[in-house]
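Numbering of the sequence shown is given in the working numbering, commencing with residue -5 and proceeding in unit increments. Heads up, the beta-carbon is just placed ideally off N, CA and C, and yes, glycines get one too. As structure tokens, the structure follows; a few thoughts come after it.
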Amino acid sequence: MNDGGAILLTGATGFVGHVLLAELLRRGHACIALVNRPDCAGPQLTRLLADLDIDAEAARRAGQFHLLAGRLPDPLPATTGVPVRCVVHAAACTRFDPDAAGEPMRTNAEGTRRLLEWMSTHEIRNLHLVSTAFVCGRTSVSPEQPLATPPQFHNAYEHSKWLAEVAARQWQQADARRHCTIHRPSIVVGDHTTGRTTRFSGLYLMFRAADILSRIVGARPEDRAHVPLRIACRPDDRVNIIPVDHVAATMADIIEHPDLQGRIYHHVHPDPPTNAEIRTAIEAAFDLAGGVFVDPDTVAEHDLNDIERSFNNAIRVIRPYLTDAVTFRRANVAAVEDRFARTCPRWDGDAFRRLIDFAAAARFGRSPARDAVAPAPLAEAHPCAVYFEQYLPHRVADSRIARLAALTTTVRFAITGVPDGEWVCRFDAGQLVEVRRGCNGLREDFTYRTGLDGFWDVVTARVDPQQVFLEGRAELSGDIEQALKMGVILREFNLEHPWQPEGEGHD
-5 MNDGGAILLT GATGFVGHVL LAELLRRGHA CIALVNRPDC AGPQLTRLLA DLDIDAEAAR
55 RAGQFHLLAG RLPDPLPATT GVPVRCVVHA AACTRFDPDA AGEPMRTNAE GTRRLLEWMS
115 THEIRNLHLV STAFVCGRTS VSPEQPLATP PQFHNAYEHS KWLAEVAARQ WQQADARRHC
175 TIHRPSIVVG DHTTGRTTRF SGLYLMFRAA DILSRIVGAR PEDRAHVPLR IACRPDDRVN
235 IIPVDHVAAT MADIIEHPDL QGRIYHHVHP DPPTNAEIRT AIEAAFDLAG GVFVDPDTVA
295 EHDLNDIERS FNNAIRVIRP YLTDAVTFRR ANVAAVEDRF ARTCPRWDGD AFRRLIDFAA
355 AARFGRSPAR DAVAPAPLAE AHPCAVYFEQ YLPHRVADSR IARLAALTTT VRFAITGVPD
415 GEWVCRFDAG QLVEVRRGCN GLREDFTYRT GLDGFWDVVT ARVDPQQVFL EGRAELSGDI
475 EQALKMGVIL REFNLEHPWQ PEGEGHD
């Protein structure tokens, strides 16, 4: 075991974080995981590490692994109890759009500044900052160098990570004894050998959208080879995805060798797949065909059919990474790979199939336990009831979107964690003609089931209804094609009439 002090890791329960933690423990390094609540995060980390053949409890008994209570950007503990030789800052908020709580700036920018202040106080002079390769924004070629001036960003996430890098460089420049190493991974996906992942965003949104599409045409086998789907991407553009096991191994190499530190590393693939190669893999996995690429600059939203609109909406948040191809310089990472005889694994049909098969087996992150939520206390008028029984009928009657869509369908909304938390809404030509709560005689065309958090995110227009579904926070059953049509309409309706109940109180 390394006796030069422990490695303190933030974001240890995250996707990259826990795989890196396992790699460091496997190599014999003493590690401290900064976690918000050790009573909850401890068992979670034990399960995550067990998946990677690491016995967390044995490591803790041996004094190799410790938990430290703390949450950025809140003040951190005055002492760690164990000497710290370096900090690996992997904690991050990965949401692309800003929210009312100030994310992702709060966690990514403010949190990094707070951590640097804490490191200065404790005279810890070695930092490894996990950033993102896409901190370059709308750039065609990105060097492994600092970005002194802010580029044009695609989203708030990229901007927040750029600010974190700026803060880290300023911290380093303030004291010649300090070292700052910046790790910039591209789109990190599951283990190349097993497909294992704990995060189902990014590229997995495409997999999930294809899964939905497969279910739509499942009842019509003759349609599988002729799916009417135009994909707003260029076939030859490359999507830089990198397996998490390779990222973790290369990062660990750098962390444990001081002569490699103080640089910027692009943890990116040297030969990333094209959109066409990804489409081929997805169509093979889901037994689909017929999708065609069209130039994203020539596609108008009103020209899309329902399936196209649903699919392209599903991949909306990752579209810039499918259409704005960046060439990443990676000489620094290549030198590390050469030194330790590592080869970045190639992407082929089998590798994609492992990613897709694991995600499908994991139900794209949807756990049955999500439905086992303790019921909320019964109230005279639960806010969900107010929404479905008062607010929704009133607003639909005034909705331009509802009139234009003129959809006729019956949908059951099931909100888990709410007593008697089901409402069946019958729409006729875009008008809400009937709402019934609980078990009733109305037969729905489909069911949309989500928890309270998902419900609030949707009706307050914070998050697209389809996005909540793709993230695994909601489930659809019944007529999926009809459900996706309704999802598009709900998105526009919620933007037109976002609910802002007094006291909201959904925390």
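Three-way DSSP call (helix, strand, coil) for residue i in this model
i	result
HIS240	helix
ASN149	coil
VAL76	coil
GLU383	helix
GLY359	helix
ILE483	helix
ILE350	helix
SER154	helix
ALA0	strand
ALA408	strand
GLN425	strand
PHE194	coil
THR101	helix
ARG340	coil
LEU61	strand
ARG132	coil
ARG430	strand
ARG389	helix
ARG456	coil
ARG443	strand
Residue range of the unbroken beta strand (DSSP E) whose run includes residue i
i	result
PRO69	Here PRO69 belongs to no beta strand (DSSP E), and DSSP marks it neither H nor E.
PRO179	173 to 179
CYS87	That residue, CYS87, is in no beta strand (DSSP E); it is neither H nor E in DSSP.
LEU121	120 to 124
GLU469	468 to 472
ALA329	Per DSSP, ALA329 belongs to no beta strand (DSSP E); it is in the alpha helix (DSSP H), 325 to 333.
Top-ranked residue by Cα proximity to residue i, from the options
i	options	result
LEU478	ALA168, ARG303, ALA246 and ARG107	ARG303
ALA226	ASN299, THR175 and LEU70	ASN299
PRO459	ASP439, ILE474 and ILE483	ILE483
ALA328	ASP247, ARG132, GLY96 and CYS34	ASP247
LEU43	VAL10, LEU62 and PHE287	VAL10
ARG324	LEU386, ALA354 and VAL241	VAL241
GLY432	CYS378, ASP45 and PRO266	CYS378
THR143	VAL129, PRO77, TYR381 and PHE305	VAL129
THR321	PHE305, VAL262, ASP344 and GLU331	VAL262
CYS80	ARG20, ASP33, ALA27 and LEU46	ALA27
LEU446	ALA85, VAL412 and VAL429	VAL412
GLY448	GLY472, PHE407, LEU426 and LEU436	PHE407
HIS503	GLY415, PHE352 and GLY(-2)	Nothing can be reported for residue 503: it is not among the residues displayed for the chain, which extend from -5 to 501.
ALA354	ILE206, ALA335, ILE309 and THR106	ILE206
LEU436	VAL405, ARG456, ASP451 and GLN461	VAL405
VAL183	ASP439, TRP341 and GLN425	TRP341
ILE272	GLU295, LEU254 and VAL233	VAL233
ILE235	PRO266, VAL211 and HIS83	PRO266
Unbroken alpha helix (DSSP H) run spanning residue i, endpoints
i	result
TRP417	Unbroken run through TRP417 is the beta strand (DSSP E), 416 to 422; no alpha helix (DSSP H).
ALA203	198 to 211
ALA396	394 to 399
GLY105	105 to 115
ARG313	313 to 317
GLN461	459 to 464
VAL320	Segment: none, VAL320 is in no alpha helix (DSSP H) and carries neither H nor E.
GLY448	446 to 453
The ligand SAH heavy atom lying under 7 Å from the CB of residue i
i	result
GLN425	This structure lacks the ligand SAH, and indeed carries no ligand of any kind.
Own chain, CB closer than 8 Å to residue i, minus 5 neighbours either side, in chain order
i	result
THR40	ALA50 and GLU51
GLU383	TRP417, VAL429 and ARG431
HIS12	ALA6, LEU39, LEU42, LEU43, LEU46 and THR192
ASN102	ALA86, CYS87, TYR151, SER154, LYS155, LEU157 and ALA158
Cβ neighbours of residue i in the same chain (closer than 7 Å, five flanking residues each side left out)
i	result
GLU17	ALA242, ALA243 and ALA246
LEU282	ALA204, LEU207, SER208, ARG218 and VAL221
ARG132	PRO145, GLN146, HIS148 and ASP318
Same chain only: Cβ atoms within 6 Å of residue i, ignoring 5 sequence neighbours per side
i	result
ASP365	Note that ASP365 has pLDDT 35, beneath the 50 cutoff, so the model's placement of it is unreliable and the number below is only indicative. If we look at ASP365 and ignore the five residues flanking it on each side, its Cβ neighbours are THR410.
VAL135	THR321
PRO92	ALA150
GLU486	ILE395
ARG171	ARG119
is_contact[residue i, chain B] using C-beta, thresh 8 Å
i	result
THR402	Checking the listed chains, one finds no chain B in this structure; it contains a single protein chain.
Query raised in the report: Curious, which full-length alpha helix (DSSP H) runs of at least 4 residues does the stretch 6 to 59 contain?
Result: 9 to 20, 32 to 45 and 50 to 55
Query raised in the report: Quick one: complete beta strand (DSSP E) runs, 3+ long, within the stretch 218 to 304?
Result: 235 to 237 and 258 to 261
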